[in-house]
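Engineer: Pasting in a structure now, in structure tokens, and then I'll have a few things to ask.
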Amino acid sequence: MNPQELKSILSSGLLSFPVTDFNAQGDFHRAGYIKRLEWLAPYGATALFAAGGTGEFFSLAASEYSEIIKTAVDTCETSVPILAGVGGSTRQAIEYAQEAERLGAKGLLLLPHYLTEASQDGVAAHVEAVCKSVKIGVVVYNRNVCRLTAPLLERLAERCPNLIGYKDGLGDIELMVSIRRRLGDRFSYLGGLPTAEVYAAAYKALGVPVYSSAVFNFIPKTAMDFYHAIAREDHATVGKIIDDFFLPYLDIRNRKAGYAVSIVKAGAKIAGYDAGPVRAPLTDLTGAEYEMLAALIDKQGAQ
């Protein structure tokens, strides 16, 4: 799949990030991951991102990463494109990017670089180096320490033909508007704030109709229903799902830092697809929080 084909795929539909399965000892559980992907793939997501933020990329050893990407690519070969999360230092990100390309990933999500603060020019150099290390399409994730401006993204677009997507995890509307207006249809634009559904209608109005859904991991039918309601501007359905599910869900998610991942793994377990515990430094939901989430999911009906 060439970068422009990937860009076309990412320009519509719902995206999602499967959680990564670990066993009770915290090791990658391949069989569970295959079962998860086989369950999720038919629901209609346009693409799945393996080893992304929700997939706990930050906790993976290099050998685990290779096994996870290969498992995802092989399992979903005939059903849905797999993009791989990459990140860390520039050299690490390049190694991950080239490994994902070798294993057959259709594209990459370039996660924010590791830890250190950097100038805009430095971040741009990091993105450019990763893009030029591979031939497959790359989506850059503006979040945390990666805060690329419209002029720098325009420069990167000129230098890196395979940089085909921009994912926003900052929620800076002024910046988002400036990027969308300046770059036009050069990129595919993805909404990437945690629990993106809460912001989906606002981002659609900005010309960003595509977003990534974490809750697709455990209520895939509801996630697709919500996406379609956003697409057809069915405000009544959107409002009802936000009131009945997303707002009380946020009340649980916001109790502790890192729960944006932990609550998704808890949801997967409640749905019958236990992915095991989160890895440190994340912590799992408490028993009481787990029961609150279970009651909330039960109200959404059969998936």
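Every letter in the sequence shown is one number past the one before it in full-length UniProt numbering, and letter 56, counting from 1, is 56. Even glycine gets a Cβ: it sits at the ideal position worked out from N, Cα and C.
Which one or two residues does DSSP pair with residue 311 in a beta bridge?
Structural biologist: The question about residue 311 has no answer, for the chain in this structure spans 1 to 303.
Engineer: Just to confirm, does D74 get its C-beta within under 7 angstroms of one of the non-hydrogen atoms of the ligand SAH?
Structural biologist: The ligand SAH is not among the ligands present in this structure, which contains no ligands whatsoever.
Engineer: By how many angstroms is the C-alpha of A266 removed from the C-alpha of L254?
Structural biologist: Walking along the sequence shown from the start, residue 254 turns up at place 254. Walking along the sequence shown from the start, residue 266 turns up at place 266. The sequence given here places Asn at residue 254; Leu does not occur at that position. Taking the straight line from one Cα to the other gives about 14 angstroms.
Engineer: Opposite V210 in the DSSP bridges: which residues?
Structural biologist: Within the sequence shown, residue 210 is the residue found at index 210, counting from 1. V210 pairs with L190.
Engineer: Can you tell me the Cα-Cα spacing of M1 and K106, whole angstroms?
Structural biologist: Here residue 1 is taken as the residue at index 1 of the sequence shown, counted from 1. Here residue 106 is taken as the residue at index 106 of the sequence shown, counted from 1. Spanning the two alpha carbons is a distance of roughly 6 angstroms.
Engineer: Taking only the alpha-carbon atoms, compute the straight-line gap between Y33 and I164 and give it to the nearest angstrom.
Structural biologist: Translated into the one-based positions of the sequence shown, residue 33 becomes position 33. Translated into the one-based positions of the sequence shown, residue 164 becomes position 164. Those two C-alpha atoms are separated by around 28 angstroms.
Engineer: Across which residues does DSSP place Y16 in a beta bridge pair?
Structural biologist: As a position in the sequence shown, residue 16 is number 16, starting the count at 1. Per the sequence shown, residue 16 should be read as Ser rather than Tyr. Partner(s): L48 and S213.
Engineer: For S12, which of S66, H228, S178 and G55 has the nearest alpha-carbon?
Structural biologist: The residue given as residue 12 occupies position 12 in the sequence shown. The option with the nearest alpha carbon to S12 is H228.
Engineer: Using a Cβ-Cβ cutoff of less than 8 angstroms, which residues in the same chain neighbour T195 once the five nearest sequence positions on both sides are dropped?
Structural biologist: Numbered from its first residue, the sequence shown carries residue 195 at position 195. Counting only Cβ-Cβ distances below 8 angstroms, and skipping sequence neighbours, we find A214, V215, F246, Y249, L250, R253 and A260.
Engineer: Just to confirm, are R47 and L83 a CB contact at a threshold of 8 angstroms?
Structural biologist: Position 47 of the sequence shown, counted from the start, is the residue given in the question as residue 47. Position 83 of the sequence shown, counted from the start, is the residue given in the question as residue 83. For the record, residue 47 in the displayed sequence is Ala; it is not Arg. Yes, the pair counts as a contact, with Cβ atoms nearer than the cut-off.
Engineer: Using DSSP's beta-bridge definition, name the partner residues of K167.
Structural biologist: As a working note, residue 167 is residue 167 in the sequence shown. Its beta-bridge partners are Y141 and L190.
Engineer: So if DSSP puts A84 in a beta bridge, which residue, or which two residues, is it bridged to?
Structural biologist: As a working note, residue 84 is residue 84 in the sequence shown. According to DSSP, A84 bridges with A50 and L108.
Engineer: Count the other CB atoms within 10 Å of the CB of A50; is the residue buried (16 or more) or exposed (fewer)?
Structural biologist: Stepping through the sequence shown from its first residue, residue 50 is reached at position 50. Looking at its Cβ environment, which holds 16 or more other Cβ atoms inside 10 Å, A50 is buried.
Engineer: Excluding sequence positions up to five away, which residues of its chain have a Cβ less than 7 angstroms from the Cβ of A19?
Structural biologist: As a working mapping, residue 19 is identified with position 19 in the sequence shown. It should be noted that the sequence gives Val, not Ala, for residue 19. Cβ neighbours of V19 beyond the five flanking positions: T54, G55, N217, V264, K265, A268 and A275.
Engineer: Taking 8 angstroms as the cut-off, decide whether the C-beta atoms of N142 and D168 are in contact.
Structural biologist: Numbered from 1 along the sequence shown, position 142 holds the residue referred to as residue 142. Numbered from 1 along the sequence shown, position 168 holds the residue referred to as residue 168. Yes, the pair counts as a contact, with Cβ atoms nearer than the cut-off.
Engineer: Less than 8 angstroms between the beta carbons of R147 and A124, yes or no?
Structural biologist: The residue given as residue 147 occupies position 147 in the sequence shown. The residue given as residue 124 occupies position 124 in the sequence shown. No.
Engineer: Classify F218 as helix, strand or coil using the three-state DSSP reduction.
Structural biologist: By one-based count along the sequence shown, residue 218 stands at place 218. Looking at F218 - three-state DSSP - the assignment turns out to be coil, as it is neither helix nor strand.
Engineer: Beta-carbon separation of E101 and K135 under 8 angstroms?
Structural biologist: On the sequence shown, position 101 is the one that residue 101 refers to. On the sequence shown, position 135 is the one that residue 135 refers to. Contact flag set, yes.
Engineer: Using the rule of at least 16 other Cβ atoms within 10 Å of the residue's Cβ for burial, across every protein chain shown, is R180 buried or exposed?
Structural biologist: As a working mapping, residue 180 is identified with position 180 in the sequence shown. Answer is buried; the Cβ neighbour count reaches 16.
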